[in-house]
Amino acid sequence: MEVSAKKRILSGIQPTGTFTLGNYIGAVRNWGLLQQEYECLYMVANMHAITVRQTPADLRRQTREAAALLLACGIDPQKSILFVQSHVPAHAELAWVLACNTQFGELSRMTQFKDKSARHADNVNAGLFTYPVLMAADILVYNADLVPVGADQKQHLELARNIAVRFNNAYSDTFTVPDPYIPKTGARIMSLQEPEKKMSKSDTNANSFILMLDDPDTIRRKCKRAVTDSEGVVRADESKPGVTNLMSIYSVFTGKDFASIESEFTGKGYGDFKLAVAESVISVFHPIQQEYQRILEDKTYLDDVLKDGAQRAAHIAAKTCAKVYKKVGFLQL
Ligand code: ATP
Ligand code: LTN
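Numbered by the numbering used here, the letters in the sequence shown go through residues -15 to 317 in order.
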């Protein structure tokens, strides 16, 4: 696989709960679309997940569920390598070397750390702080060219690039400097209740997000309750974050641009618009949900995919790690 002329992609998602509409539009949807053109590695980031306290049995179950949902979203194990982060030891090994090439000050500036440490004030652990270093290792260990993520991960990507450049300058050319792949529409899907905030699966208000496994009635209800404004006109504008957010969702799921959405709903109220948004979401999620149930029931198939993925990923990662160990001066016998 490493002799392929195709550019390489790596991305990951944490198994901290069912994926939201934001995860799908910002990241996972594009993972499927990029498979034809790139050599892709997709990972369930269970090591990142434990930076926040997890119940072990739930984490185990959610890791399989996340992998099944990725397969249901169209990740094809014949085309891409799908694996679980903790199954490839090179991630943790490289993370240590990279941590020794990352400054405390750089990590202190990460906004996700500031947000999460405020939200989990009782557990501001060192892993939460060094999380972006592990993420850099995930990417650099495969020499990925491109990393498809939502806009909230841009800062972590910039850090990974800085670490790569710094290491290359200190120890000679080793890592590919990765580029982010952030979609033009839907890079930051907002909360349906507080449209100034990002939609997040860890939000305490369940009406603020749509989960990929929500049933049709729940999706209709959540769309209907979405916060908009009092103007009653469907148009995209900075002063109308709720409506603009719904337009982004509708645009991604129907392929229509903002101008044609505006004319489609001219003279119609938000009620009609919200219903149309809900139906567009249901039409995409319903078949994925059926496929998900089918895959989840076939545990042998799922585990075989993950074993094969881990083996193929580990083969690539071990080579990079060995090269790095040599470059930094670790004795080899
Ligand atoms: P949590 O809310 O628990 O912090 P999360 O929903 O942000 O988690 P992650 O596993 O951290 O989920 O993110 C997986 C991918 O989904 C990342 O590429 C991230 O950028 C993207 N993503 C997350 N939320 C959104 C959103 N609201 N809009 C667009 N993309 C998003
Ligand atoms: N930190 C990411 C998940 C993640 C990731 C990665 C994304 C872990 N390792 C490597 C891209 C590349 C997040 O979405 N919170």
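Note that beta-carbon positions come from the ideal geometry of N, C-alpha and C, so glycine has one too.
**Prompt:** Of the choices 213, 67, 30, 136, whose alpha-carbon is the least far from that of residue 184?
**Reply:** It is 136 whose Cα lies nearest to the Cα of residue 184.
**Prompt:** How would you call residue 216, buried or exposed, if buried means at least 16 neighbouring beta carbons within 10 angstroms?
**Reply:** Residue 216 counts as exposed, since fewer than 16 other C-beta atoms from the protein chains shown sit within 10 angstroms of its C-beta.
**Prompt:** Who are the near neighbours of residue 152 in its chain, counting only those whose CB is closer than 7 angstroms to its CB and skipping five residues on each side?
**Reply:** In its chain, beyond the 5 residues on either side, 158, 159 have a beta carbon closer than 7 angstroms to the beta carbon of residue 152.
**Same chain only: Cβ atoms within 7 angstroms of residue 123, ignoring 5 sequence neighbours per side** = Contacts found: -6, 131, 144, 162.
**Asked** What distance in whole Å lies between the Cβ atoms of residue 126 and residue 25, which are believed to be in contact at a cut-off of 8 angstroms?
**Response** That pair is a contact at about 6 angstroms.
**Short Cβ contact (7 angstroms threshold) for residue 23 with residue 48** = Taking 7 angstroms as the Cβ cut-off, residue 23 and residue 48 do not qualify as a contacting pair.
**Message:** Closer than 6 angstroms to a non-hydrogen atom of the ligand LTN - does that hold for the CB of residue 253?
**Reply:** False, no ligand heavy atom lies under 6 angstroms from that Cβ.
**Request:** Could you work out which residue in 195, 264, 176 is closest to residue 224 when comparing CA atoms only?
**Result:** It is 176 whose Cα lies nearest to the Cα of residue 224.
**Request:** Take every Cβ of the segment 288 to 304, pair it with every Cβ of the segment 261 to 268, and state whether three or more of those distances are shorter than 8 angstroms.
**Result:** No, because fewer than three Cβ pairs between the segment 288 to 304 and the segment 261 to 268 fall closer than 8 angstroms, the two stretches do not touch.
**Request:** In angstroms with no decimal places, state the Cα-to-Cα distance between residue 311 and residue 287.
**Result:** Taking the straight line from one Cα to the other gives about 35 angstroms.
**Asked** What did DSSP end up calling residue 288 once you bin it into helix, strand or coil?
**Response** Per DSSP, reduced to three states, the secondary structure at residue 288 is helical.
**Rounded separation between residue 13 and residue 228 - CA only** = Computed Cα separation, rounded: 20 angstroms.
**Request:** Name the one or two DSSP bridge partners that residue 68 has.
**Result:** DSSP output for residue 68 lists 28 as bridge partner(s).
**Message:** Considering only heavy atoms of the ligand LTN, does any lie closer than 6 angstroms to the CB of residue 68?
**Reply:** Here the distance from the Cβ of residue 68 to the nearest heavy atom of the ligand LTN is not below 6 angstroms.
**Request:** Using 6 angstroms as the cut-off, classify the Cβ of residue 94 as near or not near the heavy atoms of the ligand LTN, replying yes or no.
**Result:** Incorrect: residue 94 has no Cβ contact closer than 6 angstroms to the ligand LTN.
**Asked** At which residues does the beta strand (DSSP E) containing residue -5 begin and terminate?
**Response** Where residue -5 is concerned, the enclosing beta strand (DSSP E) stretches over -8 to -3.
**Request:** Taking 7 angstroms as the cut-off, decide whether the C-beta atoms of residue 226 and residue 9 are in contact.
**Result:** No, the Cβ-Cβ distance between residue 226 and residue 9 is not below 7 angstroms.
**Request:** Ignore the nearest five residues each way along the sequence and tell me which others in residue 276's own chain have a CB closer than 6 angstroms to its CB.
**Result:** Excluding positions up to five away in sequence, the list reads 52, 53, 56.
**Message:** Could you compute how far the alpha carbon of residue 213 sits from the alpha carbon of residue 203?
**Reply:** For the pair residue 213 and residue 203, the Cα-to-Cα distance works out to about 20 angstroms.
**Request:** Report the partner residues of residue 165 according to the DSSP bridge assignment.
**Result:** Note: residue 165 sits in a beta bridge opposite 132.
**the segment 297 to 317 contacting the segment 226 to 246, beta-carbon criterion three pairs below 8 angstroms** = Result no; under three Cβ-Cβ pairs closer than 8 angstroms.
**Asked** Where in the segment 155 to 230 do unbroken runs of the alpha helix (DSSP H), each at least 4 residues long, occur, reported from the N-terminal end onward?
**Response** As far as the segment 155 to 230 is concerned, its whole alpha helix (DSSP H) runs of at least 4 residues are 200 to 208.
**Prompt:** Are the beta-carbon atoms of residue 242 and residue 249 separated by less than 7 angstroms?
**Reply:** No, they are not a contact pair.
**Asked** Considering only residues of the same chain and omitting the five flanking positions on each side of residue 67, which have a CB-CB separation below 7 angstroms?
**Response** Excluding residues within five positions, the ones whose Cβ falls inside 7 angstroms are 27, 290, 293, 294, 297.
**Request:** Please determine, among 120, 188, 210, 147, the residue with the shortest C-alpha to C-alpha distance to residue 103.
**Result:** With distances taken between Cα atoms, residue 103 lies closest to 188.
**Request:** Put residue 248 into one of helix, strand or coil per three-state DSSP.
**Result:** Helix.
**Request:** Tell me, to the nearest whole angstrom, how far the beta carbon of residue 95 is from that of residue 139; I am working on the premise that it is less than 8 angstroms.
**Result:** Between residue 139 and residue 95 the Cβ distance is about 6 angstroms, and since that is below 8 angstroms, they are a contact.
**Sequence-distant residues of the same chain with beta carbon closer than 7 angstroms to residue 70, five excluded per side** = Excluding positions up to five away in sequence, the list reads 30, 31.
**Asked** Taking 6 angstroms as the line, does the beta carbon of residue 122 fall inside it for any heavy atom of the ligand LTN?
**Response** Correct: residue 122 has its Cβ closer than 6 angstroms to the ligand LTN.
**Item:** Helix, strand or coil at residue 23 according to DSSP, with G and I counted as helix
**Value:** Strand.
**Item:** According to DSSP, residues forming a beta bridge with residue 4
**Value:** Answer by DSSP bridge pairing, in chain order: 195.
**Prompt:** Can you name, in chain order, every residue of its own chain whose Cβ lies under 7 angstroms from the Cβ of residue 33, other than the five neighbours on each side?
**Reply:** Hits under 7 angstroms: -2, -1, 0, 43.
**Message:** Rounded to the nearest angstrom, what separates residue 78 and residue 105 at their Cα positions?
**Reply:** When the Cα atoms are used, residue 78 and residue 105 turn out to be separated by approximately 28 angstroms.
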